[in-house]
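Participant:
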Amino acid sequence: HEKKAGKLDPHLVLDQLRCNGVLEGIRICRQGFPNRVVFQEFRQRYEILTPNAIPKGFMDGKQACVLMIKALELDPNLYRIGQSKVFFRAGVLAHLEEERDLKITDVIIGFQACCRGYLARKAFAKRQQQLTAMKVLQRNCAAYLKLRNWQWWRLFTKVKPLLQVSRQEEEMLAKEEELLKVKEKQVAAEGRLTEMETLHTQLMTEKMQLQEQLQAEIELCAEAEEIRARLTAKKQELEEICHDLESRVEEEEERCQHLQTEKKKMQQNIQELEEQLEEEESARQKLQLEKVTTEAKLKKLEEDLIVFEDQNCKLAKEKKLLEERIAEFTTNLTEEEEKSKSLAKLKNKHEAMITELEERLRREEKHRQELEKTRRKLEGDSTDLHDQIAELQAQIAELKMQLAKKEEELQAALARVEEEAAQKNMALKKIRELESQITELQEDLESERAFRNKAEKQKRDLGEELEALKTELEDTLDSTAAQQELRSKREQEVTILKKALDEEAKTHEAQIQEMRQKHGQAVEELAEQLEQTKRVKVNLEKAKQSLESECTELSNEVKVLLQSKGDSEHKRKRVDTQLQELQVKFTEGERVRTELTERVNKLQVELDNVTGLLNQSDSKTIKLAKDFSTLESQLQDTQELLQEETRQKLSLSTKLKQMEDEKNSFKDQLEEEEEAKRNLGKQISALQFQIAEMKKKMDENIVCLESVEEIKKKLQKDLEAMSQRYEEKAAAYDKLEKTKTRLQQELDDIAVELDHQRQIVSNLEKKQKKFDQLLAEEKTISAKYAEERDRAEAEAREKETKALSLARALEEAIEQKAELERLNKQFRTEMEDLMSSKDDVGKSVHELEKSKRALEQQVEEMKTQLEELEDELQATEDAKLRLEVNQQAMKAQFERDLQARDEQNEEKRKQLIRQVREMEVELEDEKKQRSIAVAARKKLEMDLKNLEAHIDSANKNREEAIKQLRKLQAQMKDCMRELDDTRASREEILAQAKENEKKLKNMEAEMSQMQVPPAF
1 HEKKAGKLDP HLVLDQLRCN GVLEGIRICR QGFPNRVVFQ EFRQRYEILT PNAIPKGFMD
61 GKQACVLMIK ALELDPNLYR IGQSKVFFRA GVLAHLEEER DLKITDVIIG FQACCRGYLA
121 RKAFAKRQQQ LTAMKVLQRN CAAYLKLRNW QWWRLFTKVK PLLQVSRQEE EMLAKEEELL
181 KVKEKQVAAE GRLTEMETLH TQLMTEKMQL QEQLQAEIEL CAEAEEIRAR LTAKKQELEE
241 ICHDLESRVE EEEERCQHLQ TEKKKMQQNI QELEEQLEEE ESARQKLQLE KVTTEAKLKK
301 LEEDLIVFED QNCKLAKEKK LLEERIAEFT TNLTEEEEKS KSLAKLKNKH EAMITELEER
361 LRREEKHRQE LEKTRRKLEG DSTDLHDQIA ELQAQIAELK MQLAKKEEEL QAALARVEEE
421 AAQKNMALKK IRELESQITE LQEDLESERA FRNKAEKQKR DLGEELEALK TELEDTLDST
481 AAQQELRSKR EQEVTILKKA LDEEAKTHEA QIQEMRQKHG QAVEELAEQL EQTKRVKVNL
541 EKAKQSLESE CTELSNEVKV LLQSKGDSEH KRKRVDTQLQ ELQVKFTEGE RVRTELTERV
601 NKLQVELDNV TGLLNQSDSK TIKLAKDFST LESQLQDTQE LLQEETRQKL SLSTKLKQME
661 DEKNSFKDQL EEEEEAKRNL GKQISALQFQ IAEMKKKMDE NIVCLESVEE IKKKLQKDLE
721 AMSQRYEEKA AAYDKLEKTK TRLQQELDDI AVELDHQRQI VSNLEKKQKK FDQLLAEEKT
781 ISAKYAEERD RAEAEAREKE TKALSLARAL EEAIEQKAEL ERLNKQFRTE MEDLMSSKDD
841 VGKSVHELEK SKRALEQQVE EMKTQLEELE DELQATEDAK LRLEVNQQAM KAQFERDLQA
901 RDEQNEEKRK QLIRQVREME VELEDEKKQR SIAVAARKKL EMDLKNLEAH IDSANKNREE
961 AIKQLRKLQA QMKDCMRELD DTRASREEIL AQAKENEKKL KNMEAEMSQM QVPPAF
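Residue numbers for the sequence shown follow the UniProt record's numbering, beginning at 1 and rising by one.
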């Protein structure tokens, strides 16, 4: 086809459009099917709308689309099915997309509803479980509260742990029987497992065969379907081409007719256009004249517009000035109205201010009284808060210490994990290196085989060349003296070559013998290694049995520990409930104490009550002395018990320390009581002196007697109430002492439990030491395995070096062979030269025959030598192959044994690590329980100390009450002064009110003057 500007081949263009599918697309769009979708895409996208229309595993896409369209119940006029696509009219795909979106929304809504229902059911079940648990807890708590103070229950709790000692042997026997049963079950299960594994392997092989057959049949079916589809496509294409050709013929005939009719129409149109042109020229001339006239009119109108715009601007400015004046007048009016309103508001404000000032005076008096009350409350609260802060700081310090310990343990565990990961990576690297070495050995073997094949080919070539030389020698019977000289030279060279070949054969035999010796040594070493592995295997089985027995022992001990853990938890719950009760009582005591401190600030205590308090303090000192004597007797008893009971040394030592602390505290209390007594004596003398002064002042202030008597009566009433509350406080103090004794008994029980737990912990530590010893033994065994592995690797490397040396020897032999071939070629060239330069002069048949015979003998000798060399080469290669095969087999066996050992070691290691972790978790749990028990004990001790501190504070409050007598007397004087001040301030306020009234009257007069009507 030529390419020129303006030249176009219509047939070529039509072929291109047909091949590209443009004509088919146009034809389909003309028929009204603009949208098209591939079968697979249609099935993938709209299969949601027809869920049960297509059976599972259905492969044919076209039939699947037909079934889907039937299920969708589409009108057949809305679609057409092609060979690879489905064609739709406009709007059908949009309708399908809408239905698909609705279906997806329904599915998602249903899925969400199922999920929410599932979550709600789970939450409901959880709530039901919580309800049942709450009921069980309440029932148990009620039962415990009933049994708590029952003496038989206490005796039962003390005797129960002692009964378990006699049952341990029975439990051990039962556990051993259970162990035997479990082992029998394990053996049976292992047998079943092996049978199932064999069945599984058979079934898997059958499955693989069936899958391969299925794949082959599927491929055949797919190929047949592809061939059928191609044939049908070709058939349809040919039919379409025929239809297209027929339609084109018809279209071309119609075009010819259209062209003729259009030609006639065009001629008529040309005539009409010529007439229209003439008419348009005349009209254009008229329009130009009209254009000139309209332009003149437009200029005049524009000038008029400019004049009107100037006038409008002037009028707008005048309008703005007038509007501004109006706005000013309106603002003035509003300001004057606001002034009048503000004056009226000021009047009302002043009146309200007067009333507010009077109310403020009353409020300030009340507020002052309330502030004094709150100040006293805050002082008491601040002391309590300081104590709480100190306790919280101590708890925070303990928690920080625990956190630091936990972090150290975590870091140690992480370091262990990292070390294990590094060891694992090293083992994997070694395995990869061994695999790479094996691949290299295989490649070397393949290269040696290739060299052997090349040597055999060269051998064949040499044999053929020798036969050719024989034929040439038979042909060349006529030779000259020069040829004889050459023959002599060649004979010499042949002898040299024979010697070289003999030497090579000897060296080759020596190498073969060395290889055989090395192979025998390697076989012996491998046999020794196998025996060693068998011995190690027996040792490992023994270690495994010992570990299993230890595991059973550990499991038994874990169960015992769990039982003890449950008992300790029950006891901890009891202590928690008792602590809660103590806290409630403590809060009640604090509330009573705060009320007492508030009332003591308002009261005045008389000398009779002070003397009564002194008598009470003396009686308490006597009680404390008695307590001190009882404590000393208890100390002696504890010392005797220490000598008799060696098991309870730790608990009694702690009790001794507690009792010594209490002794010191009681001594401190005695000293404080004595100091308080002295202070009270001083205060009594001071009060007597003050009373004398007060009597003098009372004589002077007879006018104020009535008010003072009323205050005195009120104070007497308050004192009576105070005495009643003091009696209540004494009863509460007795209750606290009872709780103290109860807590001491509970502390003794807790000490016994702590001793029991310490014994358990010591046993666990012993077991852990045994476990560590076993771990060390396992580590030594693993180190031995690693050494054996290193030895095996070294031996493999030695064998590889031997193989490389043999390969080098083979290469040298091949090079020597190549040199022999080169010499043979030289001899050939010389023979050809001799044949070309032979002369007929001096030929002797006899000499030629002799030379011929000699050469034939030499050739036969060379052949025999070559055959012997070939036989030796084959024997060496066979021996080498056998050695390699044996070496590979031994390597495979060795690697399998190593893998089996490694797997066994890893399994044992994992089991040991699991056991260690479980033991560590159990130890941590026991440590936590121990720390919780110690913390509870410390809390109880702190509560005891707090109670004693509260008692001391109550005693101190008595002293403070005596001190506050003086303060109240001073406050009486301050109150009198404040009354005088308030009277003076009241008179001043009244004077200010009168002045404000005068000012108001003046303001009203001014307002009346200001309220003049504004002039507009």
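Cβ atoms here follow ideal geometry from the backbone N, Cα and C, with glycine treated the same way.
Determine whether the beta carbon atoms of isoleucine 26 and arginine 100 lie at a separation below 8 Å.
Facilitator: Here residue 26 is taken as the residue at index 26 of the sequence shown, counted from 1. Here residue 100 is taken as the residue at index 100 of the sequence shown, counted from 1. Not a contact, by the Cβ cut-off of 8 Å.
Participant: Compute the Euclidean distance between the alpha carbons of arginine 791 and glutamine 521, then round it to the nearest angstrom.
Facilitator: Stepping through the sequence shown from its first residue, residue 791 is reached at position 791. Stepping through the sequence shown from its first residue, residue 521 is reached at position 521. Computed Cα separation, rounded: 15 Å.
Participant: Helix, strand or coil: which one does DSSP assign to proline 10?
Facilitator: Translated into positions along the sequence shown, residue 10 becomes position 10. In this structure, proline 10 counts as helix in the three-state DSSP scheme.
Participant: Indicate whether asparagine 35 and leucine 93 have their beta-carbon atoms separated by less than 8 Å.
Facilitator: Mapped onto the sequence shown, residue 35 falls at position 35. Mapped onto the sequence shown, residue 93 falls at position 93. Against a cut-off of 8 Å, the Cβ pair of leucine 93 and asparagine 35 comes out as a contact.
Participant: Indicate whether the contact test is met: 3 or more Cβ pairs, each with one atom in the segment 252-261 and one in the segment 11-31, closer than 8 Å.
Facilitator: The segment 252-261, when compared against the segment 11-31, does not touch it at the 8 Å Cβ threshold.
Participant: As an exercise, report each continuous alpha helix (DSSP H) stretch of at least 4 residues that is fully enclosed by the segment 919-1005, in chain order.
Facilitator: List check, alpha helix (DSSP H) in window: nothing returned.
Participant: So for arginine 230, helix, strand or coil by DSSP?
Facilitator: As a working mapping, residue 230 is identified with position 230 in the sequence shown. Of the three classes helix, strand and coil, the one that applies to arginine 230 here is helix, per DSSP.
Participant: Does the distance from the CB of phenylalanine 33 to the CB of arginine 89 come in under 8 Å?
Facilitator: The residue given as residue 33 occupies position 33 in the sequence shown. The residue given as residue 89 occupies position 89 in the sequence shown. Their beta carbons are under 8 Å apart, which means phenylalanine 33 touches arginine 89 by this criterion.
Participant: Looking at the unbroken alpha helix (DSSP H) that takes in phenylalanine 39, where does it start and where does it end?
Facilitator: Here residue 39 refers to the residue found at position 39 of the sequence shown. Segment 39-46, the alpha helix (DSSP H) holding phenylalanine 39.
Participant: Nearest to valine 86 by alpha carbon, out of Glu73, Glu98, Ile69?
Facilitator: For the purposes of this step, residue 86 is identified with residue 86 of the sequence shown, where counting begins at 1. The residue with the shortest Cα to Cα distance from valine 86 is Ile69.
Participant: Exposed or buried, arginine 228, counting other C-beta atoms within 10 Å across all chains shown (16 or more means buried)?
Facilitator: Taking the first residue of the sequence shown as 1, we reach residue 228 at position 228. By the 10 Å Cβ count, arginine 228 comes out exposed.
Participant: Would you mind working out which of Leu17, Gln168, Ile270, Lys908 sits nearest lysine 542, comparing C-alpha positions?
Facilitator: On the sequence shown, position 542 is the one that residue 542 refers to. Answer by Cα proximity: Lys908.
Participant: Assign tyrosine 118 to buried or exposed, taking buried as 16 or more other Cβ atoms, counted over all protein chains shown, within 10 Å of its Cβ.
Facilitator: As a first step, residue 118 is located in the sequence shown; it is residue number 118 there, counting from the start. With fewer than 16 other Cβ atoms within 10 Å, it is exposed.
Participant: Are the CB atoms of lysine 62 and phenylalanine 42 nearer to each other than 8 Å?
Facilitator: Translated into the one-based positions of the sequence shown, residue 62 becomes position 62. Translated into the one-based positions of the sequence shown, residue 42 becomes position 42. Cβ atoms of lysine 62 and phenylalanine 42: not closer than 8 Å.
Participant: Could you compute how far the alpha carbon of isoleucine 932 sits from the alpha carbon of glutamate 672?
Facilitator: Position 932 of the sequence shown, counting from 1, holds the residue named residue 932. Position 672 of the sequence shown, counting from 1, holds the residue named residue 672. Approximately 35 Å between the Cα atoms of the pair.
Participant: Determine whether the beta carbon atoms of glutamine 16 and alanine 233 lie at a separation below 8 Å.
Facilitator: The residue labelled residue 16 in the question sits at position 16 within the sequence shown. The residue labelled residue 233 in the question sits at position 233 within the sequence shown. Result no, Cβ atoms of glutamine 16 and alanine 233 do not sit closer than 8 Å.
Participant: Note down, one range per segment and in chain order, each beta strand (DSSP E) of at least 3 residues found wholly within the segment 95-180.
Facilitator: Complete beta strand (DSSP E) runs here, min 3: none at all.
Participant: Using a C-beta cutoff of 8 Å, does lysine 405 count as contacting chain D?
Facilitator: The structure shown contains no chain D; it holds only a single protein chain.
Participant: Assign lysine 994 to buried or exposed, taking buried as 16 or more other Cβ atoms, counted over all protein chains shown, within 10 Å of its Cβ.
Facilitator: For the purposes of this step, residue 994 is taken as the residue at position 994 of the sequence shown. Lysine 994 comes out exposed.
Participant: Taking just the CA atoms, how far does glutamate 798 sit from glutamate 861?
Facilitator: Against the sequence shown, residue 861 aligns to sequence position 861. Against the sequence shown, residue 798 aligns to sequence position 798. Straight-line Cα distance between these residues: approximately 40 Å.
Participant: Hey, arginine 742 and tyrosine 144: beta-carbon distance below 8 Å or not?
Facilitator: Within the sequence shown, the letter at position 742 stands for residue 742. Within the sequence shown, the letter at position 144 stands for residue 144. Contact: no.
Participant: In or out: arginine 901 buried (at least 16 other Cβ within 10 Å) or exposed?
Facilitator: Working through the sequence shown from its first residue, we reach residue 901 at position 901. Arginine 901 should be labelled buried.
Participant: Would you check if the distance between the CB atom of leucine 72 and the CB atom of threonine 50 is smaller than 8 Å?
Facilitator: Counting from one through the sequence shown, the residue named residue 72 turns up at place 72. Counting from one through the sequence shown, the residue named residue 50 turns up at place 50. Taking 8 Å as the Cβ cut-off, leucine 72 and threonine 50 qualify as a contacting pair.
Participant: Can glutamate 959 and asparagine 679 be called in contact, C-beta distance under 8 Å?
Facilitator: Your numbering for residue 959 matches position 959 in the sequence shown. Your numbering for residue 679 matches position 679 in the sequence shown. Cβ distance < 8 Å, so glutamate 959 and asparagine 679 count as in contact.
Participant: Sort out for me which residues DSSP pairs arginine 36 with in a bridge.
Facilitator: Taking the sequence shown and counting its residues from 1, one reaches residue 36 at position 36. Beta-bridge pairing links arginine 36 to Phe87.
Participant: Pick out whichever of Glu811, Leu947, Phe894, Thr198 has its Cα sitting closest to the Cα of lysine 738.
Facilitator: Within the sequence shown, residue 738 is the residue found at index 738, counting from 1. Checking every option, the nearest Cα to that of lysine 738 belongs to Leu947.
Participant: Contact defined as beta carbons within less than 8 Å: I believe leucine 67 pairs with isoleucine 81. What is the distance between those atoms, to the nearest angstrom?
Facilitator: Taking the first residue of the sequence shown as position 1, residue 67 is located at position 67. Taking the first residue of the sequence shown as position 1, residue 81 is located at position 81. The Cβ separation is near 12 Å, so there is no contact.
Participant: Could you give the distance in angstroms between the alpha-carbon of leucine 102 and the alpha-carbon of valine 921?
Facilitator: Counting from one through the sequence shown, the residue named residue 102 turns up at place 102. Counting from one through the sequence shown, the residue named residue 921 turns up at place 921. If you take the alpha carbons of leucine 102 and valine 921, they lie about 55 Å apart.
Participant: Who pairs with isoleucine 81 in a beta bridge, going by DSSP?
Facilitator: As a working note, residue 81 is residue 81 in the sequence shown. Isoleucine 81 is bridged to Val86.
Participant: Measuring CB to CB, does histidine 756 end up less than 8 Å from proline 161?
Facilitator: Position 756 of the sequence shown, counting from 1, holds the residue named residue 756. Position 161 of the sequence shown, counting from 1, holds the residue named residue 161. Yes.
Participant: Determine the direct distance from the alpha carbon of glutamate 867 to that of valine 885, and round the result to whole angstroms.
Facilitator: Walking along the sequence shown from the start, residue 885 turns up at place 885. Walking along the sequence shown from the start, residue 867 turns up at place 867. Approximately 26 Å between the Cα atoms of the pair.
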